[in-house]
Amino acid sequence: MVDNIGPKNSSSHKERGFKYCCNNYAAAVSTAGADQEETSGFIKEQDRLLPIANVGRIMKQILPPNAKISKEAKETMQECVSEFISFVTGEASDKCHKEKRKTVNGDDICWAMGNLGFDDYSESLKRYLIKYREAEGERANQNKPGAAPAAADERSLERGADSPPPFSFNLMEKRRT
């Protein structure tokens with residue numbers, strides 16, 4: 001449940017060097033040998049950050065093949081991306097909490113992005129989410145016994161085997177208006 005992690009403004013949390021607090025007891029239970037502060041409901045830094053190898057891999061995708069990325073740059077991006085994810089999911093989680101729901105879904109994330117001023121990204125995400133759900137629905141129909149060939153299979157034949165999938169998600173593309 002995403003609603004367990006979020007920035008806390010309590011000065012006691014900041015004084016102790018913790019940025020995030022966990023309100024869920026199950027998430028707060030420590031592993032064997034953990035110190036007392038970890039059991040008090042705070043999330044370790046390594047658990048709140050995305051893996052640095054994944055961050056570096058994504059960074060390399062946009063750069064020329066011979067470009068180098070410093071460790072410091074990867075760590076900075078890791079921190080920023082993780083903070084951004086927490087920011088957006090926190091907003092979505094607040095919405096779910098107000099609506100007395102326990103699960104954050106894709107629509108909640110799109111709403112949060114728009115609500116936080118990331119309208120261009122929100123619109124792109126909504127389009128992607130719709131296409132993703134359509135593809136999932138077609139896949140579910142294909143898995144039913146006795147189902148006829150889905151339109152997605154026909155479209156892939158029309159495109160040819162070498163064509164990219166019908167949707168790719170690239171936030172770097174300019175939105176056509």
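Counting from 1, one number per residue, gives the positions in the sequence shown under UniProt numbering.
For glycine and all other residues, C-beta sits at the position ideal for the given N, C-alpha and C.
This one's a predicted model, so the numbers in the text were calculated from it and none came from an experiment.
Roughly how many whole angstroms lie between the Cα atoms of residue i and residue j?
{"i": "residue 49", "j": "residue 145", "result": "42 Å"}
{"i": "residue 127", "j": "residue 58", "result": "22 Å"}
{"i": "residue 140", "j": "residue 113", "result": "29 Å"}
{"i": "residue 83", "j": "residue 94", "result": "16 Å"}
{"i": "residue 116", "j": "residue 65", "result": "34 Å"}
{"i": "residue 23", "j": "residue 67", "result": "Confidence at residue 23 is low in this model, with a pLDDT of 39, below 50, so the placement of that residue should be treated as unreliable; the coordinate-derived value is given next. Rounded to the nearest angstrom, the two C-alpha atoms are 42 Å apart."}
{"i": "residue 54", "j": "residue 61", "result": "11 Å"}
{"i": "residue 122", "j": "residue 132", "result": "15 Å"}
{"i": "residue 47", "j": "residue 118", "result": "26 Å"}
{"i": "residue 92", "j": "residue 105", "result": "9 Å"}
{"i": "residue 45", "j": "residue 81", "result": "14 Å"}
{"i": "residue 188", "j": "residue 134", "result": "In the structure as shown, the chain begins at 1 and stops at 177. Residue 188 is therefore absent and cannot be evaluated."}
{"i": "residue 56", "j": "residue 129", "result": "25 Å"}
{"i": "residue 99", "j": "residue 138", "result": "30 Å"}
{"i": "residue 25", "j": "residue 120", "result": "Its pLDDT being 30, under 50, residue 25 is placed unreliably by the model, and the measurement read from it follows with that caveat. Going by the C-alpha atoms only, they are around 37 Å apart."}
{"i": "residue 108", "j": "residue 124", "result": "14 Å"}
{"i": "residue 101", "j": "residue 136", "result": "23 Å"}
Which residue comes first and which comes last in the alpha helix (DSSP H) that contains residue i?
{"i": "residue 115", "result": "106–115"}
{"i": "residue 125", "result": "119–143"}
{"i": "residue 57", "result": "52–62"}
{"i": "residue 79", "result": "71–98"}
Quick test of your reading: residue i and residue j, contact by CB under 8 Å. State the CB separation rounded to the nearest angstrom.
{"i": "residue 110", "j": "residue 103", "result": "The Cβ separation is near 15 Å, so there is no contact."}
{"i": "residue 78", "j": "residue 52", "result": "5 Å"}
The stretch 65–76 touching the stretch 86–101, judged by at least three CB pairs closer than 8 Å: With a cut-off of 8 Å on Cβ pairs, the stretch 65–76 is not in contact with the stretch 86–101, counting fewer than three such pairs.
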